[in-house]
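**Q** If you want my numbering, it's the 1-based position in the sequence shown plus 1.
For glycine and all other residues, C-beta sits at the position ideal for the given N, C-alpha and C.
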Amino acid sequence: MFMDYGNTVFSNWNPKIPPARLDASLSSLYYLDFNSRETELGPDYAPLALTLGGHSLIFQEGQWLLQQTPQGAKGRSPKAGHRTRICRLKNKNRELQEENNALKIRVELLMDMLAETTARSLARMCYVKNKKHL
2 MFMDYGNTVF
12 SNWNPKIPPA
22 RLDASLSSLY
32 YLDFNSRETE
42 LGPDYAPLAL
52 TLGGHSLIFQ
62 EGQWLLQQTP
72 QGAKGRSPKA
82 GHRTRICRLK
92 NKNRELQEEN
102 NALKIRVELL
112 MDMLAETTAR
122 SLARMCYVKN
132 KKHL
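1) Please confirm whether Leu67 and Ser57 have their CB atoms less than 9 angstroms apart.
2) When you compare only the Cα positions, how much space is there between Ile59 and Lys91?
3) Between which two residues does the beta strand (DSSP E) carrying Ile59 extend?
4) Kindly indicate the opening and closing residues of the beta strand (DSSP E) around Leu66.
5) What's the C-alpha gap between Gly82 and Gly54?
6) From this set, Arg89, Thr52, Leu123 and Glu96, which residue's C-alpha is nearest Gln69's C-alpha?
Here you go:
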């Protein structure tokens, strides 16, 4: 019943074939031996370090960690105004995430309703078409 409708509507649908993706292992560093790689990158693979807003961060074992400041060095802490702004931003972020989740549920519900209505409409069309042929 539905196959006839699908064959007529989608008969000239011919999607383009996407181009092949490059393999991730085709990096030139992948093929270098140890000595060449050491010459290219250097002998010391130091952890990645970053300084933002007076705080030093270091990337170790897959996580960003706050680098410890030596004794006697001044460590800046966020001011009271910054703390309240951070708190407000966190609350706003939480509210927006909740709203986003609610909107996702609404979209899913509307898509289900659309699918059901489309199926009923197609069933009616096929029923009327079959009734005319009798």
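**A** This is what the structure holds:
1) To locate residue 67, count along the sequence shown from 1; it is residue 66. To locate residue 57, count along the sequence shown from 1; it is residue 56. Yes, the pair counts as a contact, with Cβ atoms nearer than the cut-off.
2) The sequence position of residue 59 within the sequence shown is 58, counting from 1. The sequence position of residue 91 within the sequence shown is 90, counting from 1. A straight line joining the alpha-carbon of Ile59 with that of Lys91 spans about 24 angstroms.
3) If you number the sequence shown from 1, residue 59 lands on position 58. Unbroken beta strand (DSSP E) run through Ile59: His56 to Gln61.
4) Within the sequence shown, the letter at position 65 stands for residue 66. Start and end: Gln64 to Leu67.
5) As a first step, residue 82 is located in the sequence shown; it is residue number 81 there, counting from the start. As a first step, residue 54 is located in the sequence shown; it is residue number 53 there, counting from the start. C-alpha separation (whole angstroms): 15 angstroms.
6) Indexing the sequence shown from 1 puts residue 69 at position 68. Of the candidates Arg89, Thr52, Leu123 and Glu96, the residue whose Cα lies closest to the Cα of Gln69 is Thr52.
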